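This report refers to the structure that appears directly beneath it.
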Amino acid sequence: MFYRITRFWPHSLRLVALMLALAGLGVAQEQTPAQETPTPHEGTTPVTQPAAPQQESAAPRATTPAPPSDVVIKNAYLMTVTHGNIKNGSIYIKNGKIAAVGQTVNAPASATVIDAGGRYVTPGIVDSHSHIALDDDVNEATSPITPQMKMLDAFDYTDKAIYRALAGGVTTSLLLHGSANMIGGQAIVIKHKYGAERDAMLFPGAPPSIKFASGENPKRVYGGKGQVPSTRMGNFEVQREALQQGREYRREWDDYNAKVKRGDKDAKAPKRDLKLEALADILRGKFLVQIHCYRADEFLTEIAIAHEFGYKIRAFHHALESYKVADKIAAEGIGVAAFADWWGYKQEAWDAIPWMPVMDMRKGVRVAIKSDSDDFDRRLNQEAAKTMRYGGATEEEALKMITLNPAWIVGVDNRVGSLDIGKDGDIVIWSDYPLSVYAVPEKVLIDGDVYFDRSLPGLGLTHYKEGQ
Amino acid sequence: MRKHSAFTRQHSAFSRQHSVLLLLLLLFGIAATSVAQQTPTRTKKIKDGQPAHMRTAAPASQVAAPVIALRGGTLLTVSHGTIKDGTLVIENGKIAAVGPASSVSIPKGAQVIDATGMTIYPGLIDSESNLGLTEISAEQMTNDLVEDSDEIMPHMHVYDAFHAESALIPVTRVNGVTNAIVAPDSSDTLPGQDSFIQLAGASATEMLMIRDIAMPFNFTGKERRNETWEKRKFPQTRMGMAAQLRQAFLDAQDYAQKWDDYNKKKESKAPADGDKDKKNEPPTPPKRDLKLEALLPYLQGKKPIVLAAEQSNDLETAVNLAHEFNLKFVLNHVSHSQSVLDYIASLKVPVIVGPIYEKPKPEERFDAVYSLPAQLYKRGVKIAFASYDAHQVRNLPYQAGFAVAFGLPHDEALKAITLNAAEIWGVADRLGSLDVGKTANVVVANGDPLDVKADVKHVFIEGREIPLTDRQTRLRDEYSK
Chain A
1 MFYRITRFWP
11 HSLRLVALML
21 ALAGLGVAQE
31 QTPAQETPTP
41 HEGTTPVTQP
51 AAPQQESAAP
61 RATTPAPPSD
71 VVIKNAYLMT
81 VTHGNIKNGS
91 IYIKNGKIAA
101 VGQTVNAPAS
111 ATVIDAGGRY
121 VTPGIVDSHS
131 HIALDDDVNE
141 ATSPITPQMK
151 MLDAFDYTDK
161 AIYRALAGGV
171 TTSLLLHGSA
181 NMIGGQAIVI
191 KHKYGAERDA
201 MLFPGAPPSI
211 KFASGENPKR
221 VYGGKGQVPS
231 TRMGNFEVQR
241 EALQQGREYR
251 REWDDYNAKV
261 KRGDKDAKAP
271 KRDLKLEALA
281 DILRGKFLVQ
291 IHCYRADEFL
301 TEIAIAHEFG
311 YKIRAFHHAL
321 ESYKVADKIA
331 AEGIGVAAFA
341 DWWGYKQEAW
351 DAIPWMPVMD
361 MRKGVRVAIK
371 SDSDDFDRRL
381 NQEAAKTMRY
391 GGATEEEALK
401 MITLNPAWIV
411 GVDNRVGSLD
421 IGKDGDIVIW
431 SDYPLSVYAV
441 PEKVLIDGDV
451 YFDRSLPGLG
461 LTHYKEGQ
Chain B
469 MRKHSAFTRQ
479 HSAFSRQHSV
489 LLLLLLLFGI
499 AATSVAQQTP
509 TRTKKIKDGQ
519 PAHMRTAAPA
529 SQVAAPVIAL
539 RGGTLLTVSH
549 GTIKDGTLVI
559 ENGKIAAVGP
569 ASSVSIPKGA
579 QVIDATGMTI
589 YPGLIDSESN
599 LGLTEISAEQ
609 MTNDLVEDSD
619 EIMPHMHVYD
629 AFHAESALIP
639 VTRVNGVTNA
649 IVAPDSSDTL
659 PGQDSFIQLA
669 GASATEMLMI
679 RDIAMPFNFT
689 GKERRNETWE
699 KRKFPQTRMG
709 MAAQLRQAFL
719 DAQDYAQKWD
729 DYNKKKESKA
739 PADGDKDKKN
749 EPPTPPKRDL
759 KLEALLPYLQ
769 GKKPIVLAAE
779 QSNDLETAVN
789 LAHEFNLKFV
799 LNHVSHSQSV
809 LDYIASLKVP
819 VIVGPIYEKP
829 KPEERFDAVY
839 SLPAQLYKRG
849 VKIAFASYDA
859 HQVRNLPYQA
869 GFAVAFGLPH
879 DEALKAITLN
889 AAEIWGVADR
899 LGSLDVGKTA
909 NVVVANGDPL
919 DVKADVKHVF
929 IEGREIPLTD
939 RQTRLRDEYS
949 K
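Here it is, written out as structure tokens:
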């Protein structure tokens, strides 16, 4: 995907970084199924936003196998992320959920047993910033405000990038709109069940995210066309104007809904506008706001705008200069989705330092290491291990940056990100110590079902047929 | 008028003479029979002048390199195994002793560094980078990566652009990379000529160890001028690329022939056939052509081309072209040539493999590229790794480490970024292993050099300790207060 984009640039290698970063600002919105947004003519309940802020996947079809009812992984070195490591441990997964974790577990004799052979076992990796499986449709770069874009509409569930990340231990990804626009589009959260049909890959119940951007990319895209924004002044003004329009649209609907509630038979529903509706939903707090942002001053401006309009920012993405204002980001409860050590690909990446993730973390910021790339998502474990070297993250802190912390950024930390009872059976069995360059996933389970097994011939996939 | 003409003639004669000298030098003098033979002479010149030293250090002429002993570490010699509890002595910028601590005596007055628990290994060598050619990728004014107005640009020399003060260089060397090939970006079939650098020195002159060491010959299909249907121009296809390359080398052969003819005439001092008017005048030399001239050392097999291909079909086309013109070559990338690994081995040339992170083709298994280094090694191919990058050259050792996860022996992985690279680039007499007499480019880390967790604690280049500071450490320190 990035390759195809960069072919238009003279110096592909260098520009890959730029384009990655450009693409990488996606607005994530977990998809909101169309049926969740009632039309204004239905019933008396006014509706301007999805009734439920969760991503619902359709009922699994025949191609989506039900997870095995009982699975036990035994003889494992469990790295739970939340409660330490357990040597010679076992996990019992019942109906796709972790039912027991410990030295010993009580499982029925009929359970499928996977002997980990003493290997390291971690939760599945969560990538909180990805643009895979979206073909060239990452950026609707025709307007700086496109919150009505739904990445679901571009989701190519057959993209082998989903498989390659799975083979690197990734089980959940947030697929975001790119960073061309100040307000991009609505993301989806997927599970890497490669070989399953489309809707089975959508993370059921994941909250919707929306992608914002700032800085050089919107400037470059629209300034290059002789349009607003071509400056950071333009960037933020475009953003404020859009949010103001969303505020007015929301008021119109609030007024209408109030009239309906009062029994006013003459109340006339405002005309629906998908763009304004999405903006209003941002103000209603329906979205986790994921902002691509680099420079120290821009974090502060984004925070100020969020205060002005009354929404919360979930995470700053890339956030290369976040170490300069980490205390302020921490005070807002905003997360950071970072690169481990990328830098220098553009002016606003010039002050990037590899100590940033740990410096932020020490100031109380919840930090994730993410890929923003169909390359790095294949070895996020190595990227996380860099935080041990740069700043001295502990093993558990490093692991948390690719599991529980990104799960929080995506809004699914109650479902995945650690080996805890009740969580999804998303599990990686590693060939070696996972926080090193030597580790390769041997098996990857999602919802208690093996989706990748390195020992198998061919692609190592269990739910995929050649030519599918 | 006459006067002026006379002057012009005189001037031309001088130029001609000068040109001839240059060409003779080029044909017979500068380039020895191989890179390996040629390089020592050239670097010696540089070293005899002013030894390379840290820009921030005092001038080398004023401060002699200290005698340093690294005591008690694990020595990864690369050339003769691992020595636990070893000692390495650095003197006059060279490795003076290597061995078990029990048998190496530390010279009096030496600065002793306790390396207990540490790993000591040779400075790492990146076999292709763009260091010194770019600062901020998206800022075009900071880029001197490639002339892409034409595809055949062998007369571009990266040393003319190499920016010794680049902030990227300290960032790179603090992770133990001490030497690198600097190559132009790969968007042309013949984008110019590489230089071999050392990552410390007071100026570009000191850092550029070997100029024009090799020439990239790119044949991956990405060099086609087919960005869009509207912008397409020749060569829009691989046929076009091959035809253009072939013509370029034919033109260079023709050019060489013209100079040969001229030189023969000149030596014979015989008048041209019956031309009495020109009896006493030397023959007219051909017009010099820098582009064609640049191809001559490669046509003559004096220097290697770095033949880049990814797919097997491109590889075979490009190798055939190289054979057609008797070009000496090393292979580069071969990322999607898994079906012809035995053929590659049969070529008996080294391979710069990767990057290991190159994505497999959609139909390929996830590890099709990850396992390539091991597959080539098993077939007896000498391999090296390259960052193909500028900002992230520091991550070079992790490519080697990742190859270990897919079957490459650990010592071979380290060799691929030290001794193998030194051999490929003809500097193994000075670099690539911990051996007495070699240049003291030595790194000390607190762990496995191929793993991301290892923290580099000391870097020595020509025996001088490099401060482990760079733009990034300064920002870290400033914001950690």
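Those protein sequence lines, which keep their order, are chains A and B. Residue 52 in this note's numbering sits at position 52 of the first sequence; the count goes up by one each step and never skips. Residue 879 in this note's numbering sits at position 411 of the second sequence; the count goes up by one each step and never skips. Note that the Cβ used here is the ideal one computed from N, Cα and C, for glycine as well. Being a predicted model, the structure only gives us computed values, none of them experimental.
Secondary structure note for residue 727 of chain B: its alpha helix (DSSP H) is the uninterrupted segment 706–736. Among the residues facing chain A, residue 852 of chain B is not included, as its CB has no counterpart in that chain under 8 Å away. By the C-beta criterion, the stretch 854–867 of chain B is judged to be in contact with the stretch 585–601 of chain B, since at least 3 inter-stretch pairs fall below 8 Å. Distance between residue 870 of chain B and residue 441 of chain A, taken at the CA atoms: about 13 Å. The beta-carbon of residue 810 of chain B is placed no less than 8 Å from the nearest beta-carbon of chain A. Relative to residue 347 of chain A, the option among B:709, B:605, B:859 whose CA is nearest is B:605. Here residue 408 of chain A carries a helix assignment [DSSP, helix/strand/coil].
Between residue 584 of chain B and the set B:572, B:554, B:750, the nearest pair of CA atoms involves B:554. Taking C-beta atoms under 8 Å as the contact rule, residue 384 of chain A and residue 407 of chain A fail to qualify, at a distance of about 14 Å. Near chain B, meaning a CB-to-CB distance below 8 Å, the residues of the stretch 421–443 of chain A are 431, 432, 435, 436, 437, 438, 439, 440. About 18 Å separates the beta carbons of residue 618 of chain B and residue 688 of chain B, which is beyond the 8 Å limit, so they are not a contact pair.
Counting along the chain, residue 685 of chain B sits inside no alpha helix (DSSP H); it lies in the beta strand (DSSP E) bounded by residues 676–686. Counting the other CB atoms within 10 Å of its CB gives residue 586 of chain B a total of 16 or more, which places it among the buried residues.
In the DSSP assignment, residue 236 of chain A falls within the unbroken alpha helix (DSSP H) covering 232–262. Contact annotation: in the stretch 861–881 of chain B, residues whose CB is within less than 7 Å of a CB in chain A are 866, 869, 870, 872, 873. Ranked by Cα distance from residue 544 of chain B, the options B:612, B:902, B:946 are led by B:902. Under a criterion of Cβ atoms nearer than 8 Å, no residue of chain B is adjacent to residue 268 of chain A; the nearest Cβ is some 49 Å distant. When the Cα atoms are used, residue 897 of chain B and residue 572 of chain B turn out to be separated by approximately 22 Å.
Distances from the alpha-carbon of residue 532 of chain B to those of B:877, B:875, B:930, B:591 put B:930 closest. Per DSSP, the continuous alpha helix (DSSP H) segment holding residue 329 of chain A begins and ends at 326–331. Look at residue 815 of chain B here: in three-state DSSP terms it is coil, with no helix or strand label.
Of all alpha-carbon atoms in B:620, B:660, B:722, the one lying nearest the alpha-carbon of residue 709 of chain B is that of B:620. Around the Cβ of residue 630 of chain B, a 10 Å sphere holds 16 or more other Cβ atoms; the residue is buried.
Listed along the chain, the chain A residues whose CB falls inside 7 Å of the CB of residue 943 of chain B are 351, 353. By the 16-neighbour rule on beta-carbons within 10 angstroms, residue 355 of chain A is buried.
DSSP, reduced to helix, strand and coil, places residue 561 of chain B outside both helices and strands of the structure shown, so it counts as coil. When DSSP reads this structure, residue 190 of chain A sits in a beta bridge with A:173, A:202. Going by C-alpha positions, residue 223 of chain A is about 8 Å away from residue 231 of chain A. The beta carbon of residue 649 of chain B sits no closer than 8 Å to any beta carbon of chain A.
Sequence-distant partners of residue 656 of chain B (beyond 5 residues in either direction) whose C-beta falls short of 8 Å from its own C-beta, in its chain, are 614, 615, 616, 618, 619, 620, 621, 686, 691. Using a 10 angstroms sphere on the CB of residue 79 of chain A, the tally of other CB atoms reaches 16 or more, which defines it as buried. For a cut-off of 8 Å, the C-beta gap from residue 310 of chain A to residue 276 of chain A is around 17 Å, too long to register as a contact. In this structure, residue 165 of chain A sits away from residue 372 of chain A, with a CB-CB distance that is not shorter than 8 Å.
Runs of beta strand (DSSP E) with 3 or more residues, each lying fully within the stretch 784–834 of chain B, are found at 797–804, 819–821, listed in chain order.
Between the alpha carbons of residue 122 of chain A and residue 413 of chain A lies a distance of about 15 Å. Contact annotation: the stretch 130–143 of chain A touches the stretch 154–170 of chain A, with at least three C-beta pairs closer than 8 Å.
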